[in-house]
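Colleague: Start counting the sequence shown at 0; every next residue gets the next number (numbering that gives the first Met the number 0).
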Amino acid sequence: MRPLPGLCALSLLVLVLAGCGSGSPPASVRSSAPGAGARAVRAAPAAEGRVVAAARVLRRWDAARAVAYSRGSVPLLRRLYADGAGADDVRLLRDYARRGLRVQEMTTQLLAVEVLRHRPGLWRLRVTDRLSHAVAVGATGRVLLPRDDASTRTVQLVRQGGRWRAQRVSGPAPP
């Protein structure tokens, strides 16, 4: 029997809000996406605290990235990456700016997180997400950007200068 689509999303929300548990083994949290079919929420009880913390870091990072895009700010975007990282993202933001566009209302849907490695100042994660909503805004109006397909990547975040920065993004991650 398959879980109800809304049940998985609700379970993920409860885990995020509760922020309970701790431990070291790899763990993952998966949620359902509207129309994408349900996925099981699974996390070893001792590891779910790490997964919740990782998801929280990713959501904050994605929100800061959305702000950088909405302002068309390369300096804000660069602050989200460690030195030498993020060149493709900066190039994409500049391409939008060259066309007189800003990307607003950017929402990244986090579908799955697996903690591959964690220590103070470092998260190495297998992340499945997608751009679920964004609008390009320019002089001629607003255009809804296409919804992104889900993709899985390995993301390494490091704590530098009091912020989490993406140091390495590689993908697609192996299953």
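We treat Cβ as the ideally placed atom computed from N, Cα and C, and that holds for glycine.
Can you grab the Cα-Cα spacing for the pair E113 / V50, in whole Å?
Modeller: Against the sequence shown, residue 113 aligns to sequence position 114. Against the sequence shown, residue 50 aligns to sequence position 51. Between E113 and V50, the C-alpha separation is close to 7 Å.
Colleague: Which word fits A67, buried or exposed, when buried means at least 16 other C-beta atoms lie within 10 angstroms of its C-beta?
Modeller: As a position in the sequence shown, residue 67 is number 68, starting the count at 1. Buried, by the Cβ-count rule.
Colleague: Where R123 and V56 are concerned, what is the direct C-alpha to C-alpha distance, given to the nearest angstrom?
Modeller: One-based indexing of the sequence shown puts residue 123 at position 124. One-based indexing of the sequence shown puts residue 56 at position 57. Spanning the two alpha carbons is a distance of roughly 12 Å.
Colleague: Name the DSSP bridge partner or partners of T151?
Modeller: Residue 151 sits at position 152 when you count from the first residue of the sequence shown. Answer is T127, bridged to T151.
Colleague: So L76 packs on D87, CB below 8 Å; how close in whole Å?
Modeller: Numbered from 1 along the sequence shown, position 77 holds the residue referred to as residue 76. Numbered from 1 along the sequence shown, position 88 holds the residue referred to as residue 87. Contact doesn't hold; Cβ gap of about 11 Å is too wide.
Colleague: Looking at T127: is its Cβ nearer than 8 Å to the Cβ of L110?
Modeller: Position 128 of the sequence shown, counted from the first residue, corresponds to residue 127. Position 111 of the sequence shown, counted from the first residue, corresponds to residue 110. Contact flag set, yes.
Colleague: If you measure between the beta carbons of A81 and V168, is that distance less than 8 Å?
Modeller: If you number the sequence shown from 1, residue 81 lands on position 82. If you number the sequence shown from 1, residue 168 lands on position 169. No, these two residues do not count as a Cβ contact at 8 Å.
Colleague: Should R64 be labelled buried (16 or more other beta-carbon atoms within 10 Å of its own) or exposed?
Modeller: Residue mapping note: residue 64 aligns to position 65 of the sequence shown, counting from 1. Buried, since its Cβ has 16 or more Cβ neighbours within 10 Å.
Colleague: Hey, could you find the ends of the beta strand (DSSP E) D111 is sitting in?
Modeller: Your numbering for residue 111 matches position 112 in the sequence shown. According to the sequence as given, residue 111 is Ala; it is not Asp. From DSSP, the beta strand (DSSP E) with A111 extends over R101 to R118.
Colleague: Just to confirm, is the Cβ distance from T151 to R116 under 8 Å?
Modeller: Looking up residue 151 in the sequence shown gives position 152. Looking up residue 116 in the sequence shown gives position 117. No, Cβ-Cβ distance for T151 and R116 is not below 8 Å.
Colleague: With a CB to CB cut of under 8 Å and the five nearest residues on each side skipped, what residues in its chain are close to W60?
Modeller: One-based indexing of the sequence shown puts residue 60 at position 61. If we look at W60 and ignore the five residues flanking it on each side, its Cβ neighbours are L79, L156, W163 and A165.
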